[in-house]
Amino acid sequence: MNIGFIVERNIYFKSFSPVIDALLKRGHQVFCLHNYGQPKTGSKGYQFPAINQTPKFQNGQVASLEFKTEDEFIEKILQNNVQVVISLDFIASYIPIKNKLKEKNVFWVSLQSSFDIGPSSGEYLKEPDKLFAFSTEWLLGVFKYLCEIKKNQEKSFFDFEQNLQENIKKVGFWAADTPNLFNKEAIRKEWAIPPEKKVVLLFPFPFGSSFKKPWAKYIYGMHNRFLQLPIVFLLRNKRFFQQVIRKENDYEAMKAIRKFCDANNGFLLIKSRQKDPVKKYAAKMADKVLYDQEFYPSTVLKCFAVADIF
0 MNIGFIVERN
10 IYFKSFSPVI
20 DALLKRGHQV
30 FCLHNYGQPK
40 TGSKGYQFPA
50 INQTPKFQNG
60 QVASLEFKTE
70 DEFIEKILQN
80 NVQVVISLDF
90 IASYIPIKNK
100 LKEKNVFWVS
110 LQSSFDIGPS
120 SGEYLKEPDK
130 LFAFSTEWLL
140 GVFKYLCEIK
150 KNQEKSFFDF
160 EQNLQENIKK
170 VGFWAADTPN
180 LFNKEAIRKE
190 WAIPPEKKVV
200 LLFPFPFGSS
210 FKKPWAKYIY
220 GMHNRFLQLP
230 IVFLLRNKRF
240 FQQVIRKEND
250 YEAMKAIRKF
260 CDANNGFLLI
270 KSRQKDPVKK
280 YAAKMADKVL
290 YDQEFYPSTV
300 LKCFAVADIF
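Counting in numbering that gives the first Met the number 0, the final residue of the sequence shown is number 309, and the numbers go up one at a time with none missing.
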């Protein structure tokens, strides 16, 4: 069977790769269609889906193709006799593409991308022919979200789930089904983690993604009360004022975490994203700072493999 994956960003391989490897092992032909219409600049420009960033797979190779427009994508799907298209989640822009491909008997599968719940995960559950989700708990969260925004017809979760039983299959977190990819001792050696140290894994506050929010920028993100107090006065927020007085900020939190590591023979490993650069003071306190170095096995799962606490 010919199966095509829509690669909108290079980070999609975090979710796709275990599935691709399993398909290759079963003898299927896999095509990765990279959306070269994505921007190369901006906060997510580093996630441009360049073909040369395609991971190496254990069970074979994929055919990598690029496209820029909807018509070009459809053309390459049909030219290569792709029978199944796989997307990460399902978004509104996929609807016309899916409808045109359905006329050609192309089956559409979507994979749940993360534990987040929002428009991209909740409003198009019935659009793909099949959606592979992590769990019932995630689906319950989607149901509650749709109720809150008044875009749900069912009054009970039971009815909601029953109406989706033909569309959705719960399969667990498939990225964790590849334990053979993670050699704990090899990873510790690669990252120069002393053998006697316990690894404390920290995901720092995403300041890069929250720079427009006054609390993140001026309250939690600053640690100079002489600069903060005039700002708090202008914001007229009592809670902000109390946090400034009590020194409730990221710098003080990092100091406490570093102190904990020092007292417990801990190695402080910070994992972040390029769009959320680690603060200079946090980088100085950390023993190692990592961004996404690879997608398969993903850097974040390698971090989990060696972490003693996170």
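No residue lacks a Cβ here, since even glycine has one placed at the ideal position from N, Cα and C.
Bridge partners - residue i, DSSP secondary structure assignment
i      : result
Ile90  : Note: Ile90 sits in no beta bridge, so no partner.
His33  : Val6, Glu65
Trp107 : Val84
Ser297 : Phe294
Gly59  : Phe56
Lys197 : Gly265
Asn1   : Gln28
Ile308 : Val199
Rounded distance between the beta-carbons of residue j and residue i, thought under 8 angstroms
i      : j      : result
Ser109 : Leu130 : 5 angstroms
Gln111 : Phe142 : Not a contact, Cβ separation roughly 14 angstroms.
Lys301 : Phe181 : 6 angstroms
Phe4   : Ile85  : 5 angstroms
8 angstroms Cβ shell around residue i - same chain, five flanking residues per side excluded
i      : result
Asn166 : Leu124, Lys125, Pro127, Asp128, Lys129, Leu130
Gln292 : Thr298
Pro276 : Phe206, Gly207
Phe303 : Leu200, Phe309
His246 : Looking at the sequence itself, residue 246 is Lys, so the reference to His does not match. Cβ neighbours of Lys246 beyond the five flanking positions: His222, Arg224.
Ala175 : Leu300
Leu139 : Phe156
Gly36  : Phe66, Lys67, Thr68
Leu22  : Ile2, Val29
Neighbourhood of residue i by C-beta, 6 angstroms cutoff - its chain only, sequence neighbours within 5 removed
i      : result
Phe266 : Ile192, Lys196, Val198, Asp286
Asp307 : Lys197, Val198
Thr177 : Pro17
Val61  : Val29, Cys31
Lys24  : Asn58
Asp158 : none
Residues near residue i by beta carbon distance below 7 angstroms, same chain, minus five either side
i      : result
Tyr280 : Tyr250, Met253
Phe294 : Asn9, Ile10, Phe12, Lys13, Ser16, Pro54
Tyr45  : Gln273
Local Cβ density within 10 Å of residue i, reported as buried at 16 or more and exposed below that
i      : result
Gly171 : exposed
Phe66  : buried
Gln164 : exposed
Lys278 : buried
Lys97  : buried
Gly220 : buried
Asp115 : exposed
Pro48  : buried
Ile244 : exposed
Residue i: CB within 7 angstroms of a non-hydrogen atom of the ligand SAH
i      : result
Glu293 : Among the components modelled here there is no ligand, and therefore nothing to report on the ligand SAH.
Of all the beta strand (DSSP E) runs that stay within the bounds of the stretch 211 to 297, which reach a length of 3 or more residues?
265 to 270, 287 to 289
At 4 residues or longer, what runs of the alpha helix (DSSP H) sit wholly inside the stretch 129 to 170?
135 to 147, 156 to 163
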